[in-house]
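Trainee: So that you can map any letter, position 4 of the sequence shown is 3 in this note's numbering, and since no number is skipped, the others follow by simple counting.
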Amino acid sequence: ASKHVLAIPMYPELTEEKQEYVVSKISKFYNKSISKLAN
């Protein structure tokens with residue numbers, strides 16, 4: 000079983016613009032987390 004769950008918005012009416020927004024925020028979050036681990 001997983002200790003963590005990532006819930007992201009997914010539904011047919013989600014525009015491409017909003018999809019890109021969600022993906023960019025997730026990407027920024029993980030890039031910051033990886034940078035902290037590297038230091």
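Glycine included, C-beta positions come from ideal geometry on N, C-alpha and C. Just so we're clear, the structure is a prediction, and the values are computed from it rather than from any experiment.
#1: Secondary structure at Tyr-10, three-state DSSP: helix, strand or coil?
#2: Could you give the DSSP three-state label for Lys-31: helix, strand or coil?
#3: For the candidate residues Glu-15, Lys-17, Asn-30 and Ile-25, whose alpha-carbon lies nearest to that of Ala-6?
#4: State the Cα-Cα distance for the pair Lys-31 and Ser-1, rounded to the nearest angstrom.
Mentor: Judging by the given coordinates:
#1: The three-state reading of DSSP puts Tyr-10 in coil, since its state is none of H, G, I, E or B.
#2: Here DSSP, grouped into helix, strand and coil, assigns Lys-31 to helix.
#3: Closest option to Ala-6, Cα to Cα, is Ile-25.
#4: Each residue's CA atom was taken as its position, placing Lys-31 and Ser-1 some 22 angstroms apart.
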